[in-house]
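Student:
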Amino acid sequence: TTDSSTSTDDLPESSGSSKLPAQIARETARRRTFGIISHPDAGKTTLTEKLLLFSGAIQMAGTVKARKSARHATSDWMEIEKQRGISVASSVMQFEFREHVINLLDTPGHQDFSEDTYRVLTAVDSALMVIDAAKGVETQTIKLLDVCRMRHTPIVTFMNKMDRETRDPLELLDEVESVLKIQCAPVTWPIGMGKNFRGVYHLLRDEVMLFAAGSERADQEFEIIKGIDNPRLQEMFPLEMDQLRMEVELVHGASHPFDLEQFLAGVQTPVFFGSAINNFGVREILSALVDWAPAPKGRDATVRVVEPTEPKFSGFVFKIQANMDPAHRDRIAFLRVCSGRFERGMKIKHLRLGREVKISSVVTFMASSREQVEEAYAGDIIGLPNHGNMQIGDSFSEGELLTFTGIPFFAPELFRVVRIRNPLKIKQLHKGLQQLGEEGAVQVFKPVLGSDLILGAVGVLQFEVVASRLMNEYGVDAIFETASISSARWVSSDDKKALADFENQLGHNVAHDAAGNLAYLATSSVNLRLTEERWPKLTFHATREHA
Ligand code: G4P
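For the sequence shown, the residue numbers in the UniProt record's numbering are 2 to 548.
1) From what residue to what residue does the alpha helix (DSSP H) around Ile349 run?
2) Identify, in the order they occur along the chain, each residue of the same chain with its Cβ nearer than 7 Å to the Cβ of Lys447, setting aside the five sequence neighbours on each side.
3) By Cβ distance, which residues of its chain are closer than 6 Å to Asp496, with the 5 residues on each side in sequence left out?
4) Assuming contact is defined by CB atoms lying nearer than 8 Å, are Phe416 and Ala484 in contact in what I supplied?
5) Rounding to the nearest angstrom, what Cα-Cα distance links Asp117 and Pro409 in this structure?
6) Taking all protein chains shown into account, decide if Glu311 is buried (16 or more other Cβ within 10 angstroms of its Cβ) or exposed.
7) For the ligand G4P, I want to know if Asn279 counts as a neighbour, meaning its beta carbon is within less than 7 Å of at least one of the ligand's heavy atoms.
8) Quick check on the burial criterion: 16 or more other C-beta atoms within 10 angstroms. Buried or exposed for Met391?
9) Are the beta-carbon atoms of Val318 and Ala302 separated by less than 8 Å?
10) Could you check where the alpha helix (DSSP H) with Met247 kicks off and where it finishes?
11) Check whether the region 122-139 and the region 243-260 are in contact - that is, three or more C-beta pairs closer than 8 Å.
12) Considering only residues of the same chain and omitting the five flanking positions on each side of Arg165, which have a CB-CB separation below 6 Å?
13) Taking the C-alpha atoms as reference points, what is the distance between Gln84 and Arg99?
14) State the beta-bridge partners of Phe416 as determined by DSSP.
15) On the DSSP bridge assignment, give the partners of Phe335 in chain order.
16) Mapping the DSSP letters down to three states, classify Gly200 as helix, strand or coil.
17) Please determine, among Leu336, Thr189, Ile278, the residue with the shortest C-alpha to C-alpha distance to Val363.
18) Between the region 197-204 and the region 274-282, do three or more beta carbon pairs fall short of 8 Å?
19) Across the region 472-488 and the region 419-435, are there enough close Cβ pairs to call them in contact, namely three or more that are closer than 8 Å?
20) Is the region 205-217 close to the region 166-178, with three or more CB pairs under 8 Å?
21) Residue 1 to Val461, Cα distance in whole Å?
22) Measuring only from the beta carbon, is Asp175 closer than 7 Å to any heavy atom that is part of the ligand G4P?
23) According to DSSP, what are the bridge partners of Lys359?
24) CB of Asp164 to nearest heavy atom of the ligand G4P: below 7 Å?
25) Take every Cβ of the region 393-413, pair it with every Cβ of the region 348-358, and state whether three or more of those distances are shorter than 8 Å.
26) Any heavy atom of the ligand G4P inside 7 Å of the beta-carbon of Ala43?
27) Among Arg345, Thr158, Gln444, Ala26, which has the Cα closest to the Cα of Glu375?
28) Could you tell me the distance, in whole angstroms, from the CA atom of Ile226 to the CA atom of Ile321?
29) Can you tell me which residues form a DSSP beta bridge with Met160?
30) Please give me, in chain order, every unbroken run of the alpha helix (DSSP H) with length at least 4 that falls completely inside the region 432-482.
31) Only counting the same chain, and skipping five residues up and downstream in sequence, which positions put a Cβ closer than 6 Å to that of Ala124?
32) Would you mind sorting Gly282 into buried or exposed? The rule is 16 or more other CB atoms within 10 Å of its CB.
33) Identify whether Ala90 lies in helix, strand or coil by the three-state DSSP scheme.
34) Out of curiosity, what's the CA-to-CA distance linking Asp502 and Gly508?
35) In angstroms with no decimal places, state the Cα-to-Cα distance between Asp260 and Gln463.
36) Would you check whether the ligand G4P has a heavy atom nearer than 7 Å to the C-beta of Asn161?
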């Protein structure tokens, strides 16, 4: 096997004035920042828990799981509100494994929050795709993989639940290749399935790891037998071994051998089989992430590419979450460090506002609790307490003017007109929606003509959350009515006059979003097409990047 990780021993020993660059290089090289993508119920929570268990970040199985059931125990959003502090604490987890610092970013699985999920994926360097081997590729996975593809994110695949009756493994690979359009390079191969699941054969190491059920401990060692032709294996599982040899021959002939370059280019995914709930195959996943997944790389910004090992700090906000700690009613901006070294107490520049801020209190996200950060490097996620002036996509630096690009907003597909019962609360309504819009909880559009506010969402549950938060956090009793809008498109043009004419003529359907961008609210797909045809000088965008 190949090892992509820069060995930490090769780097110069830190000394004197050259200490910082060497330290930054060393720390950056040992970071791995990844997200888990999966369709709900494939086993993401279970796998997350086992990963933490391995790293020693948690001692007992059941911790993450308990959080999840606390979150899902009720469908009542008010209750979920109360649990938000907990759910968010587990949305970024940092732990160490084999001298590496691993940042695991949770991606909300519910399809109503896919927008948030997409943006989380802009902050990772690789992704772990979990597939329920009984079900194969499911809808949510397809969407998430599309987003990964936009950035050529390297993907490691885990075929989960091999302790159940699953689909034929070859057929699963075939499906991944044809539906997700990514080459599969199996690294382990299952021996049997369900009740007859015997273990996995490691194709690169030529060894068999025997399956044992019910492992709740991290230090569980599964027995390893060298060599596919080992007589012991033949004795133990005569039928399965014949089958395995046949399949391995097929696999060698029909599938791609693992190729690190191809993986790093996002063209090929190494595939592992296992059972998360039994802790089986989990260590192999962690090793793949450490050995093969990339350390932080250069990031595109408006003026240039920013390299992670540059001495000066920079980063961008990819997520904002409110009320993480119900006792404090705070908002936390999640910032991905892109270069340099962050230190608590540091002064950094908020580039959109051109304002210097001193960051004296920062939170990091450990598996068990939120802790204070002393320092952070590229790939790390830090939480900045936000006093209402940070937006998703905002960039920070030590002074250089640059804006990180590639943080997407997606055109909403569902719309509501907001009304309030008590007109005296109009100011609170505007403030609440402004903040919720900045957080990305919902998209807020203000038409050029008229006084209505229009909300846009990707999932209907977003409206419920917004209604409940307007009530609880801003004391506003809002009513959402159906809007006769079917889609939104952001509009841009080099022709200023054409834009102004557009606004003047279609003012009721032209609106500004929370960040001030111009958008067209189409009443139907036909209406959208006709409008696009009538205004050839304008460009209509289904996604926009942070301004
Ligand atoms: P998610 O976060 O992706 O939504 O999935 P989660 O981990 O919650 O797992 C979904 C269900 O699949 C859970 O069962 C979980 O126990 C089960 N599961 C996860 N990994 C495996 C595995 O390797 N083998 C088998 N057989 N099952 C697995 P549940 O009944 O929904 O919850 P619970 O009552 O078991 O907690």
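Heads up, the beta-carbon is just placed ideally off N, CA and C, and yes, glycines get one too.
Tutor: Judging by the given coordinates:
1) That residue, Ile349, is in no alpha helix (DSSP H); its beta strand (DSSP E) goes 348-351.
2) Leu454, Ala512, His513
3) Lys538
4) yes
5) 10 Å
6) buried
7) yes
8) buried
9) no
10) 239-255
11) no
12) Ala135, Gly195
13) Low local confidence applies: a pLDDT of 46 at Gln84 is under 50, so the model's placement there is unreliable, and no value is given.
14) Gly457
15) Lys320, Gly384
16) strand
17) Leu336
18) yes
19) yes
20) no
21) Within the shown structure, residues of the chain are numbered from 2 to 548, placing residue 1 beyond reach of any answer.
22) no
23) Lys348
24) yes
25) yes
26) yes
27) Arg345
28) 48 Å
29) Ile132, Phe274
30) 462-475
31) Phe319, Arg337
32) buried
33) Bear in mind that the predicted position of Ala90 carries a pLDDT of just 44, short of 50, making it unreliable; the figure below should be weighed with that in mind. Three-state result, Ala90: helix.
34) 10 Å
35) 41 Å
36) yes
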